[in-house]
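Numbering (the numbering used here), first residue to last: 1 to 265.
Following: one structure in structure tokens, then a few remarks.
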Ligand SMILES: NC(=O)c1ccc[n+]([C@@H]2O[C@H](COP(=O)([O-])OP(=O)(O)OC[C@H]3O[C@@H](n4cnc5c(N)ncnc54)[C@H](OP(=O)(O)O)[C@@H]3O)[C@@H](O)[C@H]2O)c1
């Protein structure tokens with residue numbers, strides 16, 4: 001964790017799940033944390049918890065819907081006003097939608113595209129000059145193993161995460177000699193609020209994660225931070241998940257399609 005000593009980390013989606021855990025694991029070493037999400041009360045609870053445990057840590061809470069461009073602009077101005085120089089950006093906020101595309105609610109699909117793709121890209125674009133000026137820093141994009149294969153009944157979500165994987169790799173290469181590293185973490189199933197948000201509610205079939213592939217929130221975040229400090233391009237937390245996905249992507253695409261299609265029926 002020496003890599004993160006005294007860093008100023010900005011974490012999107014810090015009000016629950018993986019984002020809250022990133023804040024908890026960075027808190028003992030970071031100098032400043034900026035926690036961003038829409039639910040003010042959750043962020044305030046997080047801030048109170050961290051302030052009690054880590055009296056030397058500066059914690060800022062910023063309530064924002066990151067899909068709103070005007071709120072992003074206000075946020076960038078606020079960072080300047082508060083003299084906060086971010087050098088570790090954790091693009092974590094994201095959501096899913098589970099169910100057939102044909103019957104999906106367009107508003108939810110659109111919100112997912114805006115959050116997982118547009119907001120992540122825009123925030124990175126807004127903050128990159130600050131990171132580059134600092135000369136040393138890191139970007140961590142929270143993607144998903146869903147971005148490695150087409151996923152029926154989560155087809156848009158999987159496509160957004162394929163975008164995140166590709167964007168992360170491309171940007172990483174662009175920034176190679178700048179002192180800014182880019183890492184993507186590709187978790188498998190993790191128990192957070194993600195499942196509830198992705199669910200379409202009553203009438204939808206119950207979904208449970210494949211046996212043995214569940215990885216704890218703590219372990220996903222721990223492995224993600226180790227990967228950032230080791231300047232890894234990608235990490236799939238949990239050896240079983242990594243092995244499972246290694247086998248899946250090694251299959252000829254036609255075979256993979258046939259297997260996924262059978263499961264989707
Ligand atoms: N859980 C899994 O199985 C799993 C697997 C692979 C990848 N992931 C990825 O992990 C990341 C974190 O998800 P999670 O599992 O921790 O789920 P989560 O508990 O639902 O957390 C999502 C976070 O995103 C924030 N968020 C949602 N919409 C937002 C918006 N418009 N503006 C600002 N913040 C917003 C939420 O806060 P507010 O509601 O307070 O705004 C919340 O803090 C996501 O990118 C997800 O795709 C999760």
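In this text, a Cβ means the ideal position worked out from N, Cα and C, and glycines have one as well.
Just so we're clear, the structure is a prediction, and the values are computed from it rather than from any experiment.
Residue 141 is classed as buried because its beta carbon has at least 16 other beta carbons within 10 Å across all chains shown. Its chain contains 221, 222 and 225 as the residues whose beta carbon lies nearer than 7 Å to that of residue 25, once the 5 sequence neighbours on both sides are disregarded; these appear in chain order. Fewer than three Cβ pairs drawn from the region 48-56 and the region 95-107 lie within less than 8 Å of each other, which leaves the two stretches out of contact. Residue 20 and residue 194 have their C-alpha atoms roughly 13 Å apart. Checking the 7 Å criterion, the Cβ of residue 39 is within range of a heavy atom belonging to ligand 1. Your pair residue 116 and residue 160 checks out as a contact, with CB atoms roughly 4 Å apart and the cut at 8 Å. Positions of the alpha helix (DSSP H) runs, each at least 4 residues long and wholly inside the region 2-49, are given as 17-26 in order along the chain. The DSSP-derived three-state label of residue 124 is helix. Restricting attention to beta strand (DSSP E) runs no shorter than 3 residues, the region 70-111 encloses them at 88-91, ordered along the chain. When the Cα atoms are used, residue 166 and residue 146 turn out to be separated by approximately 13 Å. Between the beta-carbon of residue 88 and that of residue 8 there is about 7 Å, and that keeps the pair under the 8 Å contact cut.
Here residue 129 is exposed, its C-beta having fewer than 16 other C-beta atoms within 10 Å. Taking 8 Å as the cut-off, the Cβ atoms of residue 84 and residue 137 do not count as close. Comparing C-alpha distances from residue 124 to each of 175, 41, 42 and 260 shows the shortest one belongs to 175.
The Cβ atoms of residue 113 and residue 156 lie closer than 8 Å to each other. Minimum Cα-Cα distance from residue 256 among the listed residues 12, 241 and 150 corresponds to 150.
In the DSSP secondary-structure assignment, residue 234 is bridged to 184.
Cβ-Cβ distances below 6 Å link residue 249 to 148 in the same chain, with the five nearest sequence neighbours on each side left out; the list follows chain order. For residue 42, the CB falls within less than 7 Å of some heavy atom of ligand 1. Listed in chain order, the non-local C-beta contacts of residue 47 below 6 Å within the same chain comprise 59 and 61, local neighbours out to five positions each way being set aside. For residue 66, the CB falls within less than 7 Å of some heavy atom of ligand 1. For residue 51, DSSP records no beta bridge to any residue.
Spanning the alpha carbons of residue 92 and residue 64 requires a straight line of approximately 14 Å.
Residue 185 counts as buried, since no fewer than 16 other beta carbons sit within 10 angstroms of its beta carbon. Looking at the DSSP output, residue 140 bridges to 90 and 183. The Cβ neighbour count for residue 236, taken over all protein chains shown within 10 Å, is at least 16; the residue is labelled buried.
Under the three-state reduction of DSSP, residue 164 is assigned to helix.
DSSP places residue 222 in the helix class (H, G or I) of the three-state scheme. Distances from the CA of residue 118 to each of 79, 10, 72 and 97 were compared; the closest alpha carbon is that of 72.
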